[in-house]
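Right, one structure below, let's go through it.
There are 2 protein chains.
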Amino acid sequence: MFDSTESLTMTPKTMTIREMCDAFDVTPRTLRFYESKELLYPIREGQRRLFTRRDSARLKLILRGKRFGFSLEEIRQLLDLYYVGDSQETQLVSALSIARERLGDMERQRAELDEAIDELRNQMNLVADMLTGRISAAQ
Amino acid sequence: MFDSTESLTMTPKTMTIREMCDAFDVTPRTLRFYESKELLYPIREGQRRLFTRRDSARLKLILRGKRFGFSLEEIRQLLDLYYVGDSQETQLVSALSIARERLGDMERQRAELDEAIDELRNQMNLVADMLTGRISAAQ
DNA sequence: CGTCTGGCTTACGTAAACGTCATCGTCCCT
DNA sequence: AGGGACGATGACGTTTACGTAAGCCAGACG
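Structure representation (structure tokens):
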């Protein structure tokens with residue numbers, strides 16, 4: 014009738030550490046490290062970690078933040094904005110102001126990124142043209 | 014008639030290490046470190062470093078690259094694409110292929126950045142609405 | 001029953017990117 | 001001649017973000 018395993022810890026879709034590693038292409042060490050830095054909060058089944066959907070969502074945001082060059086500490090502060098479960102109002106307010114700063118960072122980064130992409134494209138064309146002998150080296 | 018200083022090293026617009034530091038808001042240590050990693054090639058007047066316009070241009074690209082999360086080594090490889098002075102053709106070809114990879118990185122980053130900015134904006138609005146009591150906390 | 005297999009903790013190691021002395025040289029000035 | 005200001009050269013220290021190895025447990029399995 015019910016799940017035949019005797020333990021009742023089989024709440025929907027928790028993942029073992031290895032499943033998480035495979036799903037996100039990280040090592041166990043990384044997940045334990047993130048937990049020690051309070052970026053993830055896996056529950057415990059005895060000794061073993063069980064990662065929830067909340068942890069998956071947070072990890073996704075963590076890895077994305079890293080690709081944008083944010084430090085784990087900056088990311089940690091931002092994460093409080095998502096999954097607001099039991100946060101105090103004051104915490105949310107400060108998270109909001111931190112988020113505004115990060116948003117500013119990201120918008121500036123996007124503008125600069127556009128510019129850099131353009132420049133790199135131009136420079137690549139210039140060099141490519143040089144190599145095909147269409148133009149002589151001008152510095 | 015000419016510049017009254019007796020040394021002839023006063024080629025147009027070289028900068029001392031301090032001038033560079035002030036111009037780019039970095040420390041002397043950073044500039045020496047970049048030189049040791051072959052990212053900059055200041056000329057020497059006796060013992061002292063003199064940074065050329067080439068170094069300024071490279072430093073600008075270095076700092077930009079860092080803001081995009083590239084490592085100094087990745088940046089170093091890219092720099093060979095700019096200021097192509099005496100590069101061998103094979104070097105330029107390999108620089109071009111490296112540049113294609115970096116360009117891919119940057120374009121992917123741009124797309125992801127757009128998405129992340131959107132998500133963050135949404136989440137901020139959601140939390141802001143929560144705080145003004147318009148919506149109840151849904152997780 | 002022994003031994004994998006998977007996971008846990010503890011702890012030392014490492015690479016990148018500088019920071020921080022300590023020491024020394026050298027113009028420049030009074 | 002003495003003393004700053006500026007700069008150079010080691011060389012060791014620091015932070016971030018993990019890697020890696022040692023040793024211990026517990027369930028699964030032939």
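The listed protein sequences correspond, in order, to chains A and B.
Each number in the numbering used here comes from the position in the first sequence (counting from 1) with 13 added on.
Each number in the numbering used here comes from the position in the second sequence (counting from 1) with 13 added on.
We treat Cβ as the ideally placed atom computed from N, Cα and C, and that holds for glycine.
Identity of the residues DSSP links to E58/B by a beta bridge: R61/B
Pull out every residue of the stretch 75-89 of chain A whose Cβ sits closer than 7 angstroms to any Cβ of chain B, in chain order. R77, R80, F81 and G82
Hey, does I56/B have any beta-carbon neighbour from chain A nearer than 8 angstroms? no
At 7 angstroms on the CB atoms, spell out the chain A contacts of E102/B, in chain order. L144
Is the stretch 54-68 of chain B touching the stretch 57-68 of chain A, taking contact as three or more C-beta pairs under 8 angstroms? no
Compute the distance between the beta-carbons of L53/A and L72/A, then report whether it is under 8 angstroms. yes
Work out the CA separation of L116/B and M28/A for me, nearest whole Å. 36 angstroms
Does any residue of chain A have a CB that is nearer than 8 angstroms to the CB of A70/B? no
Is there at least one Cβ from chain B nearer than 8 angstroms to M137/A's Cβ? yes
Does R134/A get closer than 8 angstroms to chain B when you measure Cβ to Cβ? yes
From L144/A, G146/A and L109/A, residue whose alpha carbon lies closest to that of L133/B: L109/A
Rounded C-alpha distance that separates Q104/A from D93/B: 47 angstroms
Here's a check: name, in chain order, each residue in its chain whose Cβ is nearer than 7 angstroms to the Cβ of E51/B, leaving out the five neighbours to either side. R89
Contacts of M28/B in chain A (Cβ-Cβ under 9 angstroms): Under the 9 angstroms cutoff, chain A gives no residues; its nearest Cβ is about 19 angstroms from M28/B.
How would you write the range of the alpha helix (DSSP H) that G228/B sits in, first residue to last? The shown model of chain B, from 14 to 152, leaves out residue 228/B, and the question about it has no answer.
Would you list, in chain order, the members of the stretch 115-134 of chain A that have their beta-carbon closer than 8 angstroms to a beta-carbon of chain B? R115, L116, M119, E120, Q122, R123, E125, L126, D127, A129, I130, L133 and R134
Just checking: is the beta-carbon of V39/A within a distance shorter than 8 angstroms of some beta-carbon in chain B? no
Per DSSP, what kind of secondary structure is A36/A in: helix, strand or coil? helix
Chain-ordered neighbours of Y95/B on chain A, where CB pairs are closer than 7 angstroms: Q136
DSSP beta-bridge partners for M28/B? F64/B
Is the beta carbon of Q136/B less than 8 angstroms from the beta carbon of Y96/A? no
Counting C-beta neighbours from all protein chains within 10 Å, is the total for A124/B 16 or more, i.e. buried, or is it exposed? exposed
Return the first residue and the last residue of the alpha helix (DSSP H) that Y47/B is part of. P41 to S49
Does any C-beta atom of chain B lie closer than 8 angstroms to the C-beta of A141/A? yes
Helix, strand or coil: which one does DSSP assign to G82/B? coil
Look at E48/A and P55/A and say whether their C-beta atoms are less than 8 angstroms apart. yes
Can you list the residues of chain B that A36/A reaches, using a CB-CB cut of under 7 angstroms? Per Cβ cutoff of 7 angstroms: no residues; A36/A is ~18 angstroms from chain B at best.
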